[in-house]
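Please read the structure below before turning to the comments.
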Amino acid sequence: MLRSLPDNVTKKLTKRTPEAPKVEQHCQPTSGSVGVESGSSVLGRIGELEKKVDILQTKPSEMPHEKEELLTAAMRRVDALEAELIATKKVIFYYHHYALAFHLAILVLNRYLSNFLEFSSCIL
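Note that the working numbering has the sequence shown beginning at 17, numbered continuously upward.
Set out below in structure tokens:
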């Protein structure tokens, strides 16, 4: 957006054919009018700004060494926390399945005991 604005302005200004207005010699330009000199200076300044933007875009981004160390340390802490989270999820997963297996074992044992008690009462 910012880069295309000067390009659009430049294209519009160069596409227009300047027609010299019929001005009588006794008329002086008012202070609010834009002359050809100021238009060309605007184009020159826009060109300079485009060059500066190009230089900034090609320049590699640099980070101070201290901030890079802080960022690296923070990334290590994040990695350690992710590892702890994965280990915790595994423990919860296995605990859930062992609890479910234990619950099922109790149900099976209760059925077996109730069937055994019914069978033993029939024998007596």
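Built from N, CA and C at the ideal position, the CB exists for glycine as well. Note that the structure is predicted; figures quoted are calculated from it, not measured.
His-119 versus Ser-130: straight-line alpha-carbon distance, rounded
16 angstroms
Run through DSSP, which three-state label would Gly-75 get?
Gly is not the amino acid found at residue 75; the sequence shown has Lys there. Coil, per DSSP.
Rounded C-alpha distance that separates Cys-43 from Ser-54
With a pLDDT of only 48 at Cys-43, under 50, the local geometry of the prediction cannot be trusted, and the value read off the model is given with reservation. The straight-line gap from Cα to Cα measures roughly 19 angstroms.
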